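These protein sequence lines map, in sequence, to chains A and B. With our numbering, the residue at position 224 of the first sequence is 224, and numbering never jumps. Plus 326 on top of the position in the second sequence (first one is 1) and you've got our numbering.
Number of protein chains: 2
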Amino acid sequence: MKILVLGAAGMIGRKLIERLLQDGKLRGQAITSIHAFDVVEAQIENAGAVAVSVEAGDITDGATVAKLVAEKPDVIFHFAAIVSGEAEADFEKGYRINLRGTQNLFDAIVDQDGYVPRVVYASSIAVFGAPFPSSIEDDFHLTPLTSYGTQKAIGELLLADYTRKGLMDGIGLRFPTIVVRPGKPNAAASGFFSNIIREPLSGQPAVLPVDKDVMHWMASPRSAVGFAIHAAEIDGDVVGPRRNLTLPGLAITVGEMIQALENVAGKKTADLIEERRDETIVGIVDNWPKRFIADRAVELGFVAETSFEDIIQAHVEDELGGVLPS
Amino acid sequence: MKILVLGAAGMIGRKLIERLLQDGKLRGQAITSIHAFDVVEAQIENAGAVAVSVEAGDITDGATVAKLVAEKPDVIFHFAAIVSGEAEADFEKGYRINLRGTQNLFDAIVDQDGYVPRVVYASSIAVFGAPFPSSIEDDFHLTPLTSYGTQKAIGELLLADYTRKGLMDGIGLRFPTIVVRPGKPNAAASGFFSNIIREPLSGQPAVLPVDKDVMHWMASPRSAVGFAIHAAEIDGDVVGPRRNLTLPGLAITVGEMIQALENVAGKKTADLIEERRDETIVGIVDNWPKRFIADRAVELGFVAETSFEDIIQAHVEDELGGVLPS
């Protein structure tokens with residue numbers, strides 16, 4: 001079982017590789033090698049028996065991608081992308097990396113006769129655009145309101161068509177917003193969803209820029225890795241031709257998140273959150289989806305947290321060594 | 327008012343240009359020139375004051391498209407595509423013409439600083455894929471089951487995003503199946519919808535390869551031209567960011583079509599249709615959408631026939647000089 005991970009230095013890419021090294025197998029077969037590719041070299045701790053090769057390069061270069069694919073990995077995880085804010089700020093770069101890069105990958109696979117790898121493609125709930133119904137069902141149309149969402153939606157269409165034609169075996173995953181993201185606070189509009197949990201759990205203050213009744217759709221990094229593994233292993237015939245799945249998640253308000261934080265870590269911790277309204281972020285978040293009915297993915301066996309306490313607990317276990325603030 | 331028509335030699339392209347020459351104006355302005363572009367030279371009768379230049383060329387060549395766009399037409403009608411069957415049979419050619427050609431056009435527009443033309447883009451109900459609800463609403467998801475539908479859906483996404491970014495001013499039109507197509511019977515799976523009306527109206531026999539209870543979504547060539555003109559003239563602000571519209575049409579069964587033919591042209595004409603079931607065509611048509619609720623396009627002023635008698639009448643007037651078979 002040879003595995004290629006594009007976007008290996010990203011948060012999910014790194015955690016996925018950690019999990020693959022821990023499991024040692026995928027689709028019932030021993031993992032023999034992992035090729036960890038990203039625009040920068042991924043930092044991976046590997047003490048085990050799996051050969052991990054780390055490489056930095058550019059997916060917008062067709063020859064580079066063709067070389068990666070020529071190794072004929074059994075499973076390809078395609079998580080390489082620039083994020084929403086950057087794709088919006090730099091139109092040309094967004095299309096080059098998020099669309100051209102994806103096309104390079106898919107076309108390189110087509111060019112290898114008789115090679116039909118499972119491709120797990122990271123899409124996003126950004127493929128959807130407001131106005132939304134109160135709950136978004138699996139057959140809701142894709143009308144993205146960002147270039148990032150557009151690029152992801154185009155990748156979904158290509159993946160489904162190439163798969164239908166038997167040229168690859170793709171599964172597209174519309175990830176919820178991942179909370180709690182480890183690391184430093186970042187400037188992404190969605191950053192506060194993680195900041196208000198992660199920072200107080202480390203004894204640091206955090207700013208809440210929106211109202212407490214804002215609802216959003218979330219899952220933990222641990223669930224995100226679980227989604228990717230399940231997508232690599234699922235029977236494609238059971239999925240059928242609709243290859244892009246809205247993943248399960250938790251629809252929860254910011255107020256409920258803070259209450260969960262207090263439940264897990266106490267009032268002193270939750271009090272580290274300061275409400276300071278930011279109209280720009282309020283406006284952006286207002287256009288985001290709040291709740292999905294992810295029936296298909298649930299039927300197909302994808303599992304997410306059902307309480308925000310579980311999401312906090314996953315963060316405490318995976319990032320804080322199980323230690324709550326005293 | 328300068329106009330560029332890509333796909334000018336196709337059925338809709340030719341009829342659109344005829345209509346534009348007849349009207350002499352678009353968006354309230356006199357038409358000064360029409361550039362009629364296609365892979366073959368379009369045959370256009372032009373006795374009027376409008377300068378019509380006919381050119382044959384290849385939209386997959388970026389430089390060719392850039393040159394067309396450098397003339398800065400006020401309105402661009404993009405109807406150039408290879409059809410569903412050909413795009414399915416030749417995967418690479420379909421993506422090259424239907425996707426790369428469209429990207430060439432949109433990117434050439436972006437490259438002209440400050441140039442924001444109205445682009446009317448021919449999409450198709452092939453962007454949808456079975457299984458369908460009994461009536462397909464405007465917010466139904468796009469899960470095409472052909473490469474053609476995939477290419478059209480990607481064009482829609484690009485059009486919406488480029489328009490949202492202010493780089494062009496696009497309107498995408500999901501045309502119903504156009505009936506009655508003039509000309510000779512063709513091998514397209516949808517051909518019989520036209521054949522069973524056109525051939526008997528010319529005293530010729532026609533074969534019906536499906537059951538009479540098969541329902542489909544149709545509009546006349548005259549309506550198709552009307553859709554394109556209205557899309558060129560509509561206020562983009564009223565349309566908003568969801569720039570791709572399912573057009574109105576008529577949901578009607580084959581049996582009802584034949585009854586309408588008998589109503590208009592008599593039993594002797596309708597009796598020229600021979601039922602000869604073709605399992606291949608039955609299977610293909612079974613996966614096609616039957617009925618849409620095109621509320622948005624109707625609210626935006628797009629108008630189609632509401633009876634099949636009207637569709638037949640349009641054909642008799644536009645193609646047969648108003649003469650019914652005796």
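Idealized CB from N, CA, C, for every residue including glycine. Quantities reported herein were computed from a predicted structural model and do not represent experimental measurements.
Residues that residue i contacts on chain A, provided the C-beta gap is smaller than 8 Å
| i | result |
| --- | --- |
| His-467 (chain B) | Asp-138, Asp-139, Phe-140, His-141, Leu-142 |
| Ala-392 (chain B) | Chain A residues near Ala-392 (chain B): none, gap ~16 Å exceeds 8 Å. |
Exposure of residue i, with buried meaning 16 or more beta-carbon neighbours within 10 Å
| i | result |
| --- | --- |
| Ala-219 (chain A) | buried |
| Pro-547 (chain B) | buried |
| Thr-595 (chain B) | buried |
| Ser-147 (chain A) | buried |
| Arg-27 (chain A) | exposed |
| Asn-98 (chain A) | buried |
| Ala-415 (chain B) | exposed |
| Ser-450 (chain B) | buried |
| Gly-13 (chain A) | buried |
| Leu-4 (chain A) | buried |
Segment limits, alpha helix (DSSP H) that includes residue i
| i | result |
| --- | --- |
| Leu-142 (chain A) | No alpha helix (DSSP H) contains Leu-142 (chain A), which DSSP labels as neither H nor E. |
| Ser-549 (chain B) | 547 to 559 |
| Ala-640 (chain B) | 634 to 645 |
| Asp-612 (chain B) | 605 to 612 |
| Gly-475 (chain B) | 473 to 490 |
| Glu-625 (chain B) | 621 to 625 |
| Arg-14 (chain A) | 11 to 23 |
| Phe-458 (chain B) | Here Phe-458 (chain B) belongs to no alpha helix (DSSP H), and DSSP marks it neither H nor E. |
| Phe-518 (chain B) | 517 to 527 |
| Gly-420 (chain B) | 417 to 420 |
| Ala-596 (chain B) | 593 to 596 |
Within chain B, the residues that residue i reaches when beta carbons sit closer than 8 Å
| i | result |
| --- | --- |
| Lys-290 (chain A) | Within 8 Å Cβ-Cβ: nothing; Lys-290 (chain A) doesn't reach chain B, min ~16 Å. |
| Ala-160 (chain A) | Thr-469, Pro-470, Thr-476 |
| Pro-157 (chain A) | In the sequence on display, residue 157 (chain A) carries Leu and not Pro. Under the 8 Å cutoff, chain B gives Leu-468, Pro-470, Thr-476, Ala-479, Ile-480, Leu-483. |
| Pro-241 (chain A) | Gly-455, Thr-469, Leu-471 |
Chain A residues whose Cβ lies nearer than 9 Å to that of residue i
| i | result |
| --- | --- |
| Phe-432 (chain B) | Residues of chain A passing the Cβ test: none, with the nearest at roughly 10 Å. |
Spatial distance of residue i from residue j (CA atoms)
| i | j | result |
| --- | --- | --- |
| Ala-294 (chain A) | Val-120 (chain A) | 18 Å |
| Lys-184 (chain A) | Ile-178 (chain A) | 14 Å |
| Ala-392 (chain B) | Leu-332 (chain B) | 13 Å |
| Thr-246 (chain A) | Gly-236 (chain A) | 16 Å |
| Ile-497 (chain B) | Arg-276 (chain A) | 41 Å |
| Ala-362 (chain B) | Asp-384 (chain B) | 13 Å |
| Gln-477 (chain B) | Asp-113 (chain A) | 23 Å |
| Leu-431 (chain B) | Gly-388 (chain B) | 8 Å |
| Leu-201 (chain A) | Ala-9 (chain A) | 25 Å |
| Asn-512 (chain B) | Glu-482 (chain B) | 27 Å |
| Asp-139 (chain A) | Leu-394 (chain B) | 39 Å |
| Gln-369 (chain B) | Met-337 (chain B) | 11 Å |
| Gly-48 (chain A) | Arg-444 (chain B) | 59 Å |
| Ala-262 (chain A) | Phe-292 (chain A) | Residue 262 (chain A) is actually Glu in this sequence, not Ala. Distance between the alpha carbons of Glu-262 (chain A) and Phe-292 (chain A) is about 26 Å. |
| Ser-33 (chain A) | Ile-76 (chain A) | 12 Å |
| Glu-305 (chain A) | Lys-341 (chain B) | 57 Å |
| Gly-166 (chain A) | Gln-639 (chain B) | 45 Å |
| Ile-273 (chain A) | Val-298 (chain A) | 34 Å |
| Val-83 (chain A) | Leu-534 (chain B) | 53 Å |
For residue i, the first and last residue of its enclosing beta strand (DSSP E)
| i | result |
| --- | --- |
| Val-207 (chain A) | 206 to 208 |
| Ile-329 (chain B) | 328 to 332 |
| Glu-381 (chain B) | 377 to 382 |
| Asn-244 (chain A) | 244 to 246 |
| Ile-578 (chain B) | 576 to 579 |
| Asp-364 (chain B) | 359 to 364 |
| Ala-448 (chain B) | 444 to 450 |
| Pro-500 (chain B) | The residue you asked about is not Pro; residue 500 (chain B) is Arg in the sequence shown. It spans 495 to 501 - the beta strand (DSSP E) in which Arg-500 (chain B) sits, taken as one unbroken run. |
| Ile-59 (chain A) | Where Ile-59 (chain A) is concerned, there is no enclosing beta strand (DSSP E), given that its DSSP letter is neither H nor E. |
| Val-401 (chain B) | 401 to 404 |
| Ile-109 (chain A) | From DSSP, Ile-109 (chain A) is part of no beta strand (DSSP E) but of the alpha helix (DSSP H) over 101 to 111. |
| Glu-274 (chain A) | 273 to 275 |
Chain A contact residues for residue i, given Cβ-Cβ distances below 7 Å
| i | result |
| --- | --- |
| Phe-417 (chain B) | Lys-165 |
Chain-ordered neighbours of residue i on chain B, where CB pairs are closer than 7 Å
| i | result |
| --- | --- |
| Arg-96 (chain A) | Neighbours of Arg-96 (chain A) on chain B: none; closest Cβ ~12 Å, over 7 Å. |
Nearest-angstrom Cβ-Cβ length linking residue i and residue j, presumed shorter than 8 Å
| i | j | result |
| --- | --- | --- |
| Val-214 (chain A) | Val-285 (chain A) | 6 Å |
| Glu-382 (chain B) | Glu-367 (chain B) | For clarity, residue 382 (chain B) is Ala in the given sequence; the question names Glu instead. That belief holds up - the Cβ atoms of Ala-382 (chain B) and Glu-367 (chain B) are roughly 5 Å apart, short of 8 Å. |
| Ile-196 (chain A) | Leu-250 (chain A) | With 8 Å as the limit, Ile-196 (chain A) and Leu-250 (chain A) do not qualify as a contact, their Cβ atoms being about 15 Å apart. |
| Phe-628 (chain B) | Phe-553 (chain B) | 6 Å |
| Gln-103 (chain A) | Leu-158 (chain A) | 7 Å |
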